[in-house]
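The structure appears below as structure tokens.
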Amino acid sequence: SQTIHQWPATLVQPVGSPLSLECTVEGTSNPNLYWYRQAAGRGLQLLFYSVGIGQISSEVPQNLSASRPQDRQFILSSKKLLLSDSGFYLCAWKDLGNTIYFGEGSWLTVV
Amino acid sequence: AQSVAQPEDQVNVAEGNPLTVKCTYSVSGNPYLFWYVQYPNRGLQFLLKYITGDNLVKGSYGFEAEFNKSQTSFHLKKPSALVSDSALYFCAVRDMNDYKLSFGAGTTVTVRA
Numbered sequence: 001s002q003t004i005h006q007w008p009a010t011l012v013q014p015v016g017s018p019l020s021l022e023c024t025v026e027g028t029s030n031p032n033l034y035w036y037r038q039a040a041g042r043g044l045q046l047l048f049y050s051v052g053i054g055q056i057s058s059e060v061p062q063n064l065s066a067s068r069p070q071d072r073q074f075i076l077s078s079k080k081l082l083l084s085d086s087g088f089y090l091c092a093w094k095d096l097g098n099t100i101y102f103g104e105g106s107w108l109t110v111v
Numbered sequence: 112a113q114s115v116a117q118p119e120d121q122v123n124v125a126e127g128n129p130l131t132v133k134c135t136y137s138v139s140g141n142p143y144l145f146w147y148v149q150y151p152n153r154g155l156q157f158l159l160k161y162i163t164g165d166n167l168v169k170g171s172y173g174f175e176a177e178f179n180k181s182q183t184s185f186h187l188k189k190p191s192a193l194v195s196d197s198a199l200y201f202c203a204v205r206d207m208n209d210y211k212l213s214f215g216a217g218t219t220v221t222v223r224a
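Listed in order, the protein sequences are those of chains A and B. Residue numbers are given in our numbering: position 106 of the first sequence equals residue 106, and the series is strictly consecutive. Residue numbers are given in our numbering: position 49 of the second sequence equals residue 160, and the series is strictly consecutive.
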């Protein structure tokens with residue numbers, strides 16, 4: 001069966017520091033991958049989407065970037081964090097039945 | 112463009128009573144519709160989806176939803192709510208020709224014992 005892993009689960013970083021959140025999917029090949037951000041426990045905003053290695057679509061201009069160095073690995077990064085980058089970050093993947101499944105999320109607090 | 116509206120921020124029901132969480136959507140093409148549930152500090156769990164076929168879809172934990180094309184709605188229902196159903200529920204839509212899944216703002220369900 002397929003599983004999705006995100007780490008770290010929680011992260012506290014100072015303003016101006018770099019960020020790296022990692023996501024891997026097991027049990028499938030060439031999945032469509034997503035990064036979402038959830039603010040204030042409510043709405044979800046799509047940040048990045050990837051259909052394959054090195055293929056990244058960005059939904060909104062921001063302080064973040066994404067990379068897909070391997071088929072089942074999706075990384076969210078920042079060179080210099082802002083206070084407004086705080087939030088709950090969710091990685092997700094889409095199966096052949098068009099269902100999108102989410103990881104357990106990563107809590108980022110920028111101080 | 113696609114969008115989802117969940118008109119109720121909160122729904123409160125007594126245990127054993129029917130539960131309904133409302134959702135309406137807007138897409139330019141044919142919709143793929145989803146419901147997810149989120150417990151505190153957790154990721155989203157998939158409940159059910161409508162892609163094509165029967166308008167009434169059944170999902171996990173006794174939930175079901177009915178696709179109504181004329182009313183552009185996809186309301187989530189459960190005949191008899193449990194206290195453990197208390198959580199945040201999200202409706203989502205994707206145009207069949209698009210990759211982006213758009214979410215509603217979420218509805219907090221509280222089931223009292």
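Glycine residues also receive a C-beta, built at the ideal position from the N, C-alpha and C atoms.
Checklist entry - Would you say A/Thr109 and A/Ser78 are within 7 Å of each other, going by their C-beta atoms? => result Against the first sequence, residue 109 of chain A aligns to sequence position 109. Against the first sequence, residue 78 of chain A aligns to sequence position 78. No, these two residues do not count as a Cβ contact at 7 Å.
Next on the checklist: Residues in the same chain with beta-carbon distance under 6 Å from A/Tyr34, minus the five sequence neighbours each way, listed in chain order, please.
Outcome noted: Against the first sequence, residue 34 of chain A aligns to sequence position 34. Result list for A/Tyr34: Tyr49 and Ala92, in chain order.
Checklist entry - Taking one C-beta from the region 137 to 148 of chain B and one from the region 67 to 83 of chain A each time, how about it: are there three or more such pairs within less than 8 Å? => result no
Next on the checklist: I believe B/Phe185 touches B/Ala198 by the beta-carbon criterion, under 8 Å. Please report the beta-carbon distance rounded to the nearest angstrom.
Outcome noted: Start at 1 with the first residue of the second sequence, and residue 185 of chain B comes out as number 74. Start at 1 with the first residue of the second sequence, and residue 198 of chain B comes out as number 87. That belief does not hold up - the Cβ atoms of B/Phe185 and B/Ala198 are roughly 18 Å apart, past 8 Å.
Checklist entry - Who are B/Glu175's beta bridge partners in DSSP? => result Residue mapping note: residue 175 of chain B aligns to position 64 of the second sequence, counting from 1. B/Lys169 and B/Lys188.
Checklist entry - Are the beta-carbon atoms of B/Leu158 and B/Phe174 separated by less than 7 Å? => result Within the second sequence, numbered from 1, the residue matching residue 158 of chain B stands at position 47. Within the second sequence, numbered from 1, the residue matching residue 174 of chain B stands at position 63. In contact: B/Leu158 and B/Phe174 (Cβ atoms closer than 7 Å).
Item to check | Cross-strand partners of A/Thr99 (DSSP beta bridge) | outcome: Position 99 of the first sequence, counting from 1, holds the residue named residue 99 of chain A. Bridge partners of A/Thr99: none, in fact.
Checklist entry - Which chain B residues are close to A/Leu102, counting only those with a beta carbon under 7 Å from its beta carbon? => result As a first step, residue 102 of chain A must be located in the first sequence, where it is residue number 102. It is Phe, not Leu, that sits at residue 102 of chain A in the sequence shown. By Cβ distance, chain B contributes Gly154 and Leu155.
Item to check | Cross-strand partners of A/Ser106 (DSSP beta bridge) | outcome: Residue numbering aside, residue 106 of chain A sits at position 106 when the first sequence is read from its first letter. The partner list for A/Ser106 (beta bridge, DSSP) reads A/Tyr89.
Checklist entry - Just curious, the beta strand (DSSP E) that A/Tyr34 is in, first and last residue? => result Against the first sequence, residue 34 of chain A aligns to sequence position 34. Segment Asn32 to Gln38, the beta strand (DSSP E) holding A/Tyr34.
Item to check | Cβ-Cβ separation, A/Ala9 to A/Glu104 (assumed contact under 8 Å), whole Å | outcome: Residue numbering aside, residue 104 of chain A sits at position 104 when the first sequence is read from its first letter. Residue numbering aside, residue 9 of chain A sits at position 9 when the first sequence is read from its first letter. Between A/Ala9 and A/Glu104 the Cβ distance is about 7 Å, and since that is below 8 Å, they are a contact.
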